[in-house]
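Worksheet for the structure shown next.
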Amino acid sequence: MRQMSEAPFLGRHQELTRMGAWLDRAAGGEPRIVVIDGTAGIGKTSLIRRFLAGKARGCRVVTASGEEFERELAYGLVTQLMRHIGDSAGAALQDAALGASSATAAQDPISVGAVFLDALGRLQGRNPVVMVIDDIHWADTPSLHALTFVLRRLRVDRVLTVLATRDSADTRLPQGLHRLIHDDTTLRLTLEGLGVPELTALTAALGPASLPRRTLVRLRDHTLGNPLHVKTLLQQFPADILGDGRAVLPAPRRYEGIIAERLAACAPESRRLVQAASVLGMSSPLHLAAELGAVPEPLTALTRALECGLLEEDPTDSPPRAAFPHPLLRAAVYRRLEPAKRSHLHRMAADLIADPWTSLQHRVHAAVGPDGRLAQELALFSEQQSEKGAWSAAASASMAAARLSVEPGQQARWLLQGVEYLLLAGDVSQAAELEQTIRDMAPDAEQHYALGHLALTTGRLDEARRELSACWDTCDATTGPGTLRKAAEQMAWLCLIQGDAPRITHWAERGLALPSGGRSSFLRDSLAIGLAISGDYAQGMRSLAHLSDTGPRDTPEQLDGLLARGMLHLWNGKLREARRDLKEAFDSHRRGGLPYAALVALSFLTDAAYRAGQWDEAIAHGTHAVSLAEDTDQISILAVVHAVTAYPLAGRGDFRAAEAHAESAAEHARVLRDVNDSAFAATALALVHSARGDHEKVIEQLSPLLPPKIGHRYGIEEPGLLSWRPLLGEALTRTGRNEEAETVLAPYERRAAERSRPLEQAAAARCRGLLEEARGHVEAADQAFREGLRHCAQKDSCWEEALLHMAYGTFLRRSGGRRSAAAELEAAHRTFRRLQATPYLERCDRELTACGRVTVRPRETPHPVLTAQELTVARLAVQGMTNQQIARELLLSVKTIEYHLSNCYSKLGITSRMGLIGKLAQDI
Numbered sequence: 000m001r002q003m004s005e006a007p008f009l010g011r012h013q014e015l016t017r018m019g020a021w022l023d024r025a026a027g028g029e030p031r032i033v034v035i036d037g038t039a040g041i042g043k044t045s046l047i048r049r050f051l052a053g054k055a056r057g058c059r060v061v062t063a064s065g066e067e068f069e070r071e072l073a074y075g076l077v078t079q080l081m082r083h084i085g086d087s088a089g090a091a092l093q094d095a096a097l098g099a100s101s102a103t104a105a106q107d108p109i110s111v112g113a114v115f116l117d118a119l120g121r122l123q124g125r126n127p128v129v130m131v132i133d134d135i136h137w138a139d140t141p142s143l144h145a146l147t148f149v150l151r152r153l154r155v156d157r158v159l160t161v162l163a164t165r166d167s168a169d170t171r172l173p174q175g176l177h178r179l180i181h182d183d184t185t186l187r188l189t190l191e192g193l194g195v196p197e198l199t200a201l202t203a204a205l206g207p208a209s210l211p212r213r214t215l216v217r218l219r220d221h222t223l224g225n226p227l228h229v230k231t232l233l234q235q236f237p238a239d240i241l242g243d244g245r246a247v248l249p250a251p252r253r254y255e256g257i258i259a260e261r262l263a264a265c266a267p268e269s270r271r272l273v274q275a276a277s278v279l280g281m282s283s284p285l286h287l288a289a290e291l292g293a294v295p296e297p298l299t300a301l302t303r304a305l306e307c308g309l310l311e312e313d314p315t316d317s318p319p320r321a322a323f324p325h326p327l328l329r330a331a332v333y334r335r336l337e338p339a340k341r342s343h344l345h346r347m348a349a350d351l352i353a354d355p356w357t358s359l360q361h362r363v364h365a366a367v368g369p370d371g372r373l374a375q376e377l378a379l380f381s382e383q384q385s386e387k388g389a390w391s392a393a394a395s396a397s398m399a400a401a402r403l404s405v406e407p408g409q410q411a412r413w414l415l416q417g418v419e420y421l422l423l424a425g426d427v428s429q430a431a432e433l434e435q436t437i438r439d440m441a442p443d444a445e446q447h448y449a450l451g452h453l454a455l456t457t458g459r460l461d462e463a464r465r466e467l468s469a470c471w472d473t474c475d476a477t478t479g480p481g482t483l484r485k486a487a488e489q490m491a492w493l494c495l496i497q498g499d500a501p502r503i504t505h506w507a508e509r510g511l512a513l514p515s516g517g518r519s520s521f522l523r524d525s526l527a528i529g530l531a532i533s534g535d536y537a538q539g540m541r542s543l544a545h546l547s548d549t550g551p552r553d554t555p556e557q558l559d560g561l562l563a564r565g566m567l568h569l570w571n572g573k574l575r576e577a578r579r580d581l582k583e584a585f586d587s588h589r590r591g592g593l594p595y596a597a598l599v600a601l602s603f604l605t606d607a608a609y610r611a612g613q614w615d616e617a618i619a620h621g622t623h624a625v626s627l628a629e630d631t632d633q634i635s636i637l638a639v640v641h642a643v644t645a646y647p648l649a650g651r652g653d654f655r656a657a658e659a660h661a662e663s664a665a666e667h668a669r670v671l672r673d674v675n676d677s678a679f680a681a682t683a684l685a686l687v688h689s690a691r692g693d694h695e696k697v698i699e700q701l702s703p704l705l706p707p708k709i710g711h712r713y714g715i716e717e718p719g720l721l722s723w724r725p726l727l728g729e730a731l732t733r734t735g736r737n738e739e740a741e742t743v744l745a746p747y748e749r750r751a752a753e754r755s756r757p758l759e760q761a762a763a764a765r766c767r768g769l770l771e772e773a774r775g776h777v778e779a780a781d782q783a784f785r786e787g788l789r790h791c792a793q794k795d796s797c798w799e800e801a802l803l804h805m806a807y808g809t810f811l812r813r814s815g816g817r818r819s820a821a822a823e824l825e826a827a828h829r830t831f832r833r834l835q836a837t838p839y840l841e842r843c844d845r846e847l848t849a850c851g852r853v854t855v856r857p858r859e860t861p862h863p864v865l866t867a868q869e870l871t872v873a874r875l876a877v878q879g880m881t882n883q884q885i886a887r888e889l890l891l892s893v894k895t896i897e898y899h900l901s902n903c904y905s906k907l908g909i910t911s912r913m914g915l916i917g918k919l920a921q922d923i
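First residue of the sequence shown: 0, per numbering that gives the first Met the number 0; consecutive thereafter.
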């Protein structure tokens, strides 16, 4: 066996150059991502270290590593990242991450991600930040969701993110992260084995004698150039064996054996320290590892472990921490521990560690077989976390309880419960991995419920209906009422997606008749929504009488139904109340309620802001909703989310972005195959075509919604939910198809009047005015337009009012009343200019010109060239919010807020917030 010096870093020049170029772009304010993938031992970690020691020297470095043994530790990865952040930012992140992992608070990935986003902004300072995450395939899912949230919101930050994984296509990674990894702006490096020139340099550096080329070629072919395998063979066999062309090259001895030799060469104290550290994780407080390993002089033992290349000191912490240089090294030490010793160390660690969840996990690792008592403790812990909405911790504990259960029935029940918690946590991919295991179980009501919930979350609606129905059909005396209540909740949600109003109320009432559980439920919301889209708005509101006007929303009784109340207010034209309730529902469900309910709330909050003429807010909410839905794989809501996000973008003439969202909505609707989602997508596309003035395409998009054979028309026909009938009626009128327009419009007018929905009556009146004008009925048209404006006057200013002013003004101008027409058109013009509704503003300009009015846009407009995001930031600044408060409100980094404000100052010719107040105060 050859004696060798420490192996040098060789090759990878092209990879280092490309990483350096990406760092240069990040340093210039263009945040970038580098993904490095390759097999174990191929040199991913070595490449990263070389990069950090070279091109990235002087950058602020933040590192973490996924750990195979800690995938179930919620926010374990974020906790590692937190240790690199000092002062208040680090403390805040520590509270967020450790609070979630220890279940003292039910932190969601958005909250944790927002704190880390703020912390990254603080870190940048003079030098850019390089954030390195090794082995992301072993990271815990909540951390990955939080990381995805952060990466999507780095806009102008000087941050380079380096992700290393064995396979960038790993299905266990969240879909949102997959999209970032495969984005065109991401640099993807797949590491191949070293070539013969690099192997020549490697053997020369390792010494003492170089090998002939034919031997190196054999080594390259045998190991595929894997550096770790090559070094192992060089250490294991003499040159004559490696160079013997007649013999088959031996397989490299396992890496664990090499590490075992190093460990055996250490002093006993250092050996115990390394072994104890392997039980605690990739990095642990030195004093804790020393206490666990019974090491009286930890600094001396650490020094010797460093000399043996087994540990390294983490320089970012005081007091010191012991860290492993590579996950493979830690795994090698851990797996070489005698089973009895490993179990003993885990039991001791459980007693030493204060965090209850971490302590429980050590007890799980210490178990030598089924342990009914520990399983019960884990199940109790899981239940406690579920009551707080800490779904990730609840899922991990329930799955561990299932593995340790001594009773098969309990084992199945806890596994199924764990799958439900995974779905509520947004960890759809991990839940899907267990689908076949669930199918292999003996069929019963709980199994059918779990399969139905999983099918519904992944967009398989027909399968979801079969499984959830089977849950009720197969229930017996042993079926808990909680299972049936949850099955009814999911059935009501399924019927809501499909617009089947009678079945929504049917399943909601069945679920509410059962004893309530300890967590929030969608049943009250479903009942109210089902009643409303059946036409019984008043009864729907009465079903929500238990809710107070304002918070707190800390219990299910205080929260359940709030989302529905916001939606009912929206549909009834009470836009201010709708925005209040929907914002509160979103915030409350995020803090520990139902993740999908939070997304529904944010989606309809986008719609409410659009209708209210608050388009900056609508675009901000919609963009946020799309991001969250995609990041957490909430497939069943994506069509609606994309559709409502398109509305204000179409109104502003941002046709490329609007059409992209509308097409995405259509694609998701095709996958789900239900009429409601199709109607949302069609309405979004029709709004794009309407803004462009292409009425034929509006008709093409919306006509498929007319045939009576379409089932479950409740949702698409209820006034206030969707505006497709007014859009279609207007398009038919403008293309001369008056009788068809009458057929479309009359049912909408009747329903809007029956429900006393002022804004829908206003939209119907506008379309009626256009139709009567086209028929030559001047008095009827004038009366319709006036009636529409009267309906709008009952509510706050809204988008429909501006459309009415323009339609009425255009009618008056054509009828000869140019002075009256100008007054109506100027009222519309003010709103269009405020909203930056360019297509409508241009039409209004033309009409005003025809009235003899010169429409010169003011030179000193409040915000002449500000983007939607800049205007949103500026308005919040004028309201007195600090940069950090604005960042938290908009879920962006402080650096991005600073960038937007700087642009505002430059574009408006000002230098301070006082200048902003002068420019924008009148527009707030």
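Glycine included, C-beta positions come from ideal geometry on N, C-alpha and C.
According to DSSP, is residue i part of a helix, a strand, or is it coil?
| i | result |
| --- | --- |
| Ser282 | strand |
| Arg575 | helix |
| Leu890 | coil |
| Thr103 | Low confidence applies here, because Thr103 scores a pLDDT of 33, under 50, leaving its location unreliable and the question unanswered by this model. |
| Leu495 | helix |
| Leu186 | strand |
| Val60 | strand |
| Ile258 | helix |
Determine the closest residue to residue i out of the options, with distance taken between C-alpha atoms.
| i | options | result |
| --- | --- | --- |
| Arg31 | Asp156, Ala264 and Ile132 | Asp156 |
| Arg303 | Glu337, Arg812, Tyr747 and Ala264 | Ala264 |
| Glu424 | Leu593, Asp795 and Arg171 | The amino acid at residue 424 is misidentified as Glu; the sequence shows Ala. The shortest Cα separation from Ala424 among Leu593, Asp795 and Arg171 belongs to Leu593. |
| Arg70 | Gly417, Thr140 and Gly27 | Thr140 |
| Ala683 | Arg712, Val674, Ala645 and Glu695 | Ala645 |
| Asp107 | Ile132, Asp133 and His144 | His144 |
| His568 | Ala608, Val639, Arg320 and Leu176 | Ala608 |
| Ala773 | Glu729, Ala745, Gln760 and His804 | Glu729 |
| Asp475 | Leu150, Glu445, Met440 and His588 | Glu445 |
| Ala63 | Ser142, Arg833 and Ala401 | Ser142 |
| Ser520 | Met490, Phe784, Thr830 and Asp499 | Met490 |
| Ala400 | Glu382, Lys387 and Gly388 | Glu382 |
| Thr866 | Glu800, Arg845, Lys906 and Gln884 | Lys906 |
| Ala657 | Asp630, Arg669 and Val625 | Val625 |
| Glu311 | Met281, Glu290 and Val294 | Met281 |
On the criterion of 16 or more Cβ atoms from any shown chain inside 10 Å, does residue i qualify as buried, or is it exposed?
| i | result |
| --- | --- |
| Lys894 | buried |
| Pro211 | exposed |
| Leu298 | exposed |
| Pro338 | exposed |
So, at 8 Å on beta carbons, what are the nonlocal neighbours of residue i in its own chain, with the 5 sequence-adjacent residues on each side left out?
| i | result |
| --- | --- |
| Met0 | Bear in mind that the predicted position of Met0 carries a pLDDT of just 35, short of 50, making it unreliable; the figure below should be weighed with that in mind. Result list for Met0: Gln234, Gln235, Phe236 and Pro237, in chain order. |
| Gly917 | Ile909 |
| Pro318 | Pro284, Leu285 and His286 |
Within a Cβ cutoff of 6 Å, which residues of the same chain sit near residue i, ignoring the five residues on either side of it in sequence?
| i | result |
| --- | --- |
| Glu859 | Bear in mind that the predicted position of Glu859 carries a pLDDT of just 47, short of 50, making it unreliable; the figure below should be weighed with that in mind. Excluding sequence neighbours, Glu859 sits near nothing in its chain. |
| Ile352 | Ser358 |
| Ala826 | His804 |
| Val363 | Ala399 |
Report all residues from its chain with a CB closer than 7 Å to the CB of residue i; omit the five preceding and five following residues, and keep chain order.
| i | result |
| --- | --- |
| Ala95 | Confidence at Ala95 is low in this model, with a pLDDT of 47, below 50, so the placement of that residue is unreliable and no value is reported for it. |
| Glu786 | Ala764 |
| Gln793 | Pro757 |
| Leu811 | Ser819, Ala820 and Glu823 |
- For the stretch 274-356, which segments carrying the beta strand (DSSP E) assignment without a break, of at least 3 residues, lie completely within its bounds, in sequence order? Counting only runs of 3 or more, we get 282-284, 311-313 and 320-322.
- Query: Curious, which full-length alpha helix (DSSP H) runs of at least 4 residues does the stretch 113-185 contain?
  - Reply: As summarised for the stretch 113-185, the continuous alpha helix (DSSP H) elements at least 4 residues long and confined to that stretch are 140-151 and 174-180, given in chain order.
- Task: Run through the stretch 770-814 for me and flag every whole alpha helix (DSSP H) of 4 or more residues, listed as ranges in chain order.
- Result: Assignment of alpha helix (DSSP H) within the stretch 770-814, counting only whole runs of 4 or more residues, yields 777-792 and 798-813 in chain order.
- Item | alpha helix (DSSP H) segments (min. 4 residues) lying fully within the stretch 633-674 | Counting only runs that start and end inside the stretch 633-674, the alpha helix (DSSP H) elements of at least 4 residues fall at 637-650 and 654-671.
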